[in-house]
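Step one of this worksheet: look at the structure below.
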Amino acid sequence: MESDSLAARARAAVDDRPFLRAALAADVVNYAAAARTLDLNVEPDDIGPDPSAEPAQSDTDSPVEPSRTDAVAAALRRYAEELDVATDARSVRVTMEGRLGETDETGLLSVNGTRYASGAGSLTGVLAAGDVDARALAAVLDRLDAAGVEPEAARFAGDALLVVVPRRDGPDAVRLTERALDAVPRVVDAP
13 MESDSLAARA RAAVDDRPFL RAALAADVVN YAAAARTLDL NVEPDDIGPD PSAEPAQSDT
73 DSPVEPSRTD AVAAALRRYA EELDVATDAR SVRVTMEGRL GETDETGLLS VNGTRYASGA
133 GSLTGVLAAG DVDARALAAV LDRLDAAGVE PEAARFAGDA LLVVVPRRDG PDAVRLTERA
193 LDAVPRVVDA P
């Protein structure tokens, strides 16, 4: 059975690591460092000059042979040229719901038997109604994580997204949610 090309193996490895795919698309990656982190089986036939790179020179001015890392880095560069980052502004209304807590009653959010309802506790719910989906929820959670806000629960369904946070984080979570939904990123094919 013929093995996949190095380019195909590199693409598969990147696609298994969404953070790396996003970094390639945003053109903010150190290709050699990324290549070293990928445990790819590089065959001798895979190693060749990178046409986009300047030839490396040693102290004696004789060409340095490309390495396994160079071969993977070249494959990553080629893949990155095919990717781009687009952002979508979502049409949503973001509000804050106070005094949320766990309850046995029907509530605003239910996941695997755990329910959160108004008037049942001291948590805050950040509700975004409108153009939401899984990508929007991921953008909100990423933004909250970057700001050090740890949600108690989160979910989206239909045209609503709800994130439950500690009360003291409520106002910041509203602002962060609004900002996240103003520019929901996605990796797309480059034009």
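For my numbering, count along the sequence shown from 1 and bump the result up by 12. No residue lacks a Cβ here, since even glycine has one placed at the ideal position from N, Cα and C.
- With respect to residue 102, residue 117 sits apart: the two C-beta atoms are not nearer than 8 Å.
- Between residue 22 and residue 87, the CB-CB gap stays under 8 Å.
- Residue pairing of residue 44 in beta bridges, as defined by DSSP: absent, with no partner found.
- If you check the CB distance, residue 112 and residue 136 come in under 8 Å.
- Take the alpha-carbon of residue 129 and the one of residue 159: they are about 25 Å apart.
- Rounded to whole angstroms, the separation of the alpha carbons of residue 106 and residue 190 is 7 Å.
- In the three-state reduction of the DSSP assignment, residue 200 falls in the strand class.
- Looking at 133, 40, 81, 196, the one whose alpha-carbon comes closest to that of residue 178 is 133.
- Going by beta carbons, residue 200 and residue 98 fall inside the 8 Å limit.
- Less than 8 Å divides the Cβ of residue 196 from the Cβ of residue 151.
- 8 Å or more divides the Cβ of residue 148 from the Cβ of residue 172.
- Ranking 192, 138, 163, 165 by CA distance to the CA of residue 155 puts 192 first.
- Residue 162 counts as exposed, since fewer than 16 other C-beta atoms from the protein chains shown sit within 10 angstroms of its C-beta.
- Burial state of residue 55 is exposed, judged by a 10 Å Cβ sphere holding fewer than 16 other Cβ atoms.
- DSSP places residue 29 in the coil class of the three-state scheme, outside both helix and strand.
- Here residue 125 is exposed, its C-beta having fewer than 16 other C-beta atoms within 10 Å.
- Residue state for residue 189 is assigned as helix, using DSSP reduced to three classes.
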